[in-house]
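Asks:
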Amino acid sequence: MVRLVSVCASLSDEELALLESLAHHTHFASGSTLFTQGREAHSVYNITEGVVRLYKLLSDGRRQVVGFALPGDFLGLAMRDAFGFSADAIGEVSACSFSRSAYTALVDAKPHLLRRLHEAATHELTLAHEQMMLLGRRSAEEKLVCFLLGMQQRWARLGKPSVTVPLPMTRQDIADFLGLTIETVSRTFTRLAKDKTILIVPGGVRLMNPERMNQLAA
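Residue 483 is where the sequence shown starts when you use our numbering, and the numbers rise one by one after that.
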């Protein structure tokens, strides 16, 4: 299923086997770092299991979470010499890593893969624009609802459509992603649960009133 939502979806079985031969299967314990902002980008990572926190450290020491990578996501696709953000494992994470030189050579030899990479980059740009909107003029409730609906859609793309949305990240992670304080996020979760828009369950939330949520997110 990971293949269907990743850049690998454009490869034949033979080409996928070639990519597999270039991969180094790696495992990251909860809280460990895949790579650090500003370090030389020698590798490209394809997440196969788990969730990864992506964040930037600002000049004043604050942390801005810029996203959460799910299975199927590639990290390090931007052809830069250094990583533009850091990546930490939320829980146990498995990934395939590829040397940038080998991966670049494969992309050069497979134009259809390059097209798929362009699609992935466009998707990432769309996500960045959506993140800018979330940090803009929306209320805390609207921001959180948009986040929950977005996570539901992303899990659905992985073949896990459900009204129950897994949230392995902490409330602080969500706050840092939405540009809110953890107190505001906690109060907003409580308010949404109190009016029966969501139900807080172990490891996530259940969307009880999707119609209202979609109205808030519109």
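Cβ coordinates follow ideal geometry from the N, Cα and C atoms, glycine included.
Computed from a predicted structure; not experimentally measured.
Just mark Thr-679 as buried or exposed, buried being the case when its beta carbon has 16 or more other beta carbons within 10 Å.
Replies: Thr-679 comes out buried.
Asks: For the putative contact between Lys-538 and Val-526, defined by C-beta atoms under 8 Å, what is the C-beta separation to the nearest angstrom?
Replies: Actually they do not touch by this definition, with Cβ atoms about 19 Å apart.
Asks: What do you get for Ser-494, buried or exposed, if any count of 16 or more other CB atoms within 10 angstroms of its CB means buried?
Replies: Burial call: exposed.
Asks: Can you tell me where the beta strand (DSSP E) with Thr-515 in it begins and where it stops?
Replies: Element bounds for Thr-515: 515 to 517.
Asks: Just grab the DSSP bridge partners of Cys-578 for me.
Replies: His-507 and Asn-528.
Asks: Report the rounded CA-to-CA distance for Asp-555 versus Ser-512, giving the unit in angstroms.
Replies: Approximately 18 Å between the Cα atoms of the pair.
Asks: Pull up the distance between the alpha-carbon of Thr-508 and that of Pro-650, whole angstroms please.
Replies: Those two C-alpha atoms are separated by around 20 Å.
Asks: Could you give the distance in angstroms between the alpha-carbon of Pro-684 and the alpha-carbon of Leu-630?
Replies: The straight-line gap from Cα to Cα measures roughly 15 Å.
Asks: Whose C-beta lies closer than 8 Å to the C-beta of Asp-563 among residues of the same chain, with five residues either side of it excluded?
Replies: Excluding residues within five positions, the ones whose Cβ falls inside 8 Å are Glu-522 and Ala-523.
Asks: Under 7 Å, do Ala-622 and Leu-662 count as touching if we go by C-beta distance?
Replies: In contact: Ala-622 and Leu-662 (Cβ atoms closer than 7 Å).
Asks: Give me the Cα-Cα distance between Gly-520 and Met-633, rounded to the nearest whole angstrom.
Replies: Using only the alpha carbons, I get a separation of about 28 Å.
Asks: Quick check on Asp-542: buried or exposed, where buried means 16 or more other Cβ atoms within 10 Å of its Cβ?
Replies: Asp-542 comes out exposed.
Asks: Pull the bridge partners of Val-647 from the DSSP assignment, please.
Replies: The partner list for Val-647 (beta bridge, DSSP) reads Val-687.
Asks: Pro-553: buried (16+ other C-beta within 10 angstroms of its C-beta) or exposed?
Replies: When all chains shown are included, Pro-553 counts as buried.
Asks: Pick out whichever of Gln-697, Val-687, Leu-501 and Asp-658 has its Cα sitting closest to the Cα of Lys-592.
Replies: Comparing Cα-Cα distances from Lys-592 to each of Gln-697, Val-687, Leu-501 and Asp-658, the minimum goes to Leu-501.
Asks: Which value, in whole angstroms, describes the spacing of the CA atoms of Arg-688 and Thr-646?
Replies: When rounded, the distance between both Cα atoms is 4 Å.
Asks: Which stretch, first to last residue, makes up the beta strand (DSSP E) that contains Phe-550?
Replies: That run of the beta strand (DSSP E) goes 545 to 551.
Asks: With DSSP as the reference, label Ile-563 as helix, strand or coil.
Replies: Looking at the sequence provided, one finds Asp at residue 563 rather than Ile. If DSSP states are grouped into helix, strand and coil, Asp-563 belongs with coil.
Asks: Relative to the C-alpha of Leu-559, which candidate in Arg-544, Ser-576 and Ser-581 has its C-alpha closest?
Replies: Checking every option, the nearest Cα to that of Leu-559 belongs to Ser-581.
Asks: Tell me the residue span of the alpha helix (DSSP H) that contains Asp-655.
Replies: From DSSP, the alpha helix (DSSP H) with Asp-655 extends over 653 to 660.
Asks: Rounded to whole angstroms, what's the CA-CA distance from Asp-677 to Asp-655? Just pull it up for me.
Replies: Near 24 Å, if we compare the C-alpha coordinates of Asp-655 and Asp-677.
Asks: Where does Ser-568 land, buried or exposed, given buried means 16+ other C-beta within 10 angstroms?
Replies: Buried is the call here.
Asks: For the candidate residues Lys-625, Glu-574 and Thr-518, whose alpha-carbon lies nearest to that of Ala-699?
Replies: Selected option, being the one with the closest Cα: Lys-625.
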